[in-house]
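Below: one structure, written as structure tokens.
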Amino acid sequence: MSKTYNLFISHSWNYSDNYDSLVSLLDNGSYFKYKNFSVPKNDPIHNASNDKELYDAIKRKVNSCHVVIILAGVYSSYSKWINKEIIIANKEFLVPKPIIAIEPYASERTSKIVKDNADRIVKWNSNSLIRAIRELG
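All residue numbers for the sequence shown refer to numbering that gives the first Met the number 0, where the first residue is 0 and numbers rise by one.
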């Protein structure tokens, strides 16, 4: 029986097409099972009434995960929440959660902040992403 990987996929709702494409990459992986703990646009954390509650809700989701995946598009450098998710993964747990930065397909510019905090940087490719998840998770 193969392992099911719990994943938190950090992303910007303004770039939800990238998120959807990334989920498709994972869905198309051979012999790969995962559970998605991210916060998609169509299912936000409704009970968070302020930033502290949202931070705590995201922290609870990340706590259950083997790996945090962050899209390393240049927009990530300017996202308050992606930066907070990096802090959560790196600082909030006794053992930090591994971060995989995935460079968007055909991107010329990427986020230095995300890549500087990543345990692994991969290209937009199902095999390399799944290999990194298996190695780090």
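Glycine is no exception: its CB is placed at the ideal position from the N, C-alpha and C atoms.
With respect to the C-alpha of Asp-19, the residue from Leu-70, Phe-31, Thr-3, Glu-52 having the closest C-alpha is Leu-70. For secondary structure counted as the beta strand (DSSP E) over 3 or more consecutive residues, the segment 92–128 holds these complete runs in sequence order: 98–101, 119–121. Three or more Cβ pairs closer than 8 Å define a contact, and the segment 77–94 falls short of that threshold against the segment 119–134. Around the beta carbon of Ala-105, fewer than 16 other beta carbons lie within 10 angstroms, which makes this residue exposed. As the crow flies, the alpha-carbon of Glu-107 is around 9 Å from that of Gly-72.
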